[in-house]
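Residues in the sequence shown are numbered consecutively from 644, following the working numbering. Every residue, glycine too, gets a C-beta built ideally from N, C-alpha and C.
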Amino acid sequence: MRNMQLPSELNKVMHMRNLLFNILSEEMYNIFDKYKAIRRIQIGMNKDMRGISFMVYVDMYEAKKTTISPAQMSKKFNQEKKEEHTNMQEKYGVSIKL
Numbered sequence: 644m645r646n647m648q649l650p651s652e653l654n655k656v657m658h659m660r661n662l663l664f665n666i667l668s669e670e671m672y673n674i675f676d677k678y679k680a681i682r683r684i685q686i687g688m689n690k691d692m693r694g695i696s697f698m699v700y701v702d703m704y705e706a707k708k709t710t711i712s713p714a715q716m717s718k719k720f721n722q723e724k725k726e727e728h729t730n731m732q733e734k735y736g737v738s739i740k741l
């Protein structure tokens with residue numbers, strides 16, 4: 644039987660970069676706790692790997708759920724801002740232009 648490599652979208656390891664240099668694995672667990680099934684988080688500590696982490700998931704589908712494209716992130720952020728503005732308008736009776 645030949646070893647076959649799974650497609651990248653089926654990988655259980657998620658690579659993250661541009662993290663704060665002083666972030667702790669406990670903080671990463673807290674941030675990604677809603678996705679569950681995290682087996683291990685490895686954060687780079689030496690000068691070449693700082694700001695980079697690898698999260699290993701128990702299930703490849705859980706890893707896939709945590710993947711967010713920049714467009715999705717921007718859309719979610721804009722929606723949250725609109726909701727925040729609407730809440731402020733209702734709470735204080737003011738008009739805010741977006």
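Counterpart residues of residue i in DSSP-defined beta bridges
i, result
"Val701", "According to DSSP, Val701 bridges with nothing at all."
"Arg683", "Val699"
"His728", "Answer by DSSP bridge pairing: none, since His728 is not bridged."
"Met657", "Met698"
Reduced DSSP secondary structure (H/G/I, E/B, other) of residue i
i, result
"Ser738", "coil"
"Met688", "coil"
"Asn721", "helix"
"Ile666", "coil"
"Met644", "Its pLDDT being 48, under 50, Met644 is placed unreliably by the model, and the measurement read from it follows with that caveat. Correct three-state label for Met644: coil."
CB-CB length for residue i against residue j, believed under 8 Å
i, j, result
"Ile684", "Tyr672", "6 Å"
"Gly694", "Asn730", "34 Å between Cβ atoms; not a contact."
Proximity of residue i and residue j at Cβ, strictly below 8 Å
i, j, result
"Tyr700", "Met657", "yes"
"Lys659", "Met692", "The question names Lys, but residue 659 is Met in the sequence shown. No. Outside cutoff."
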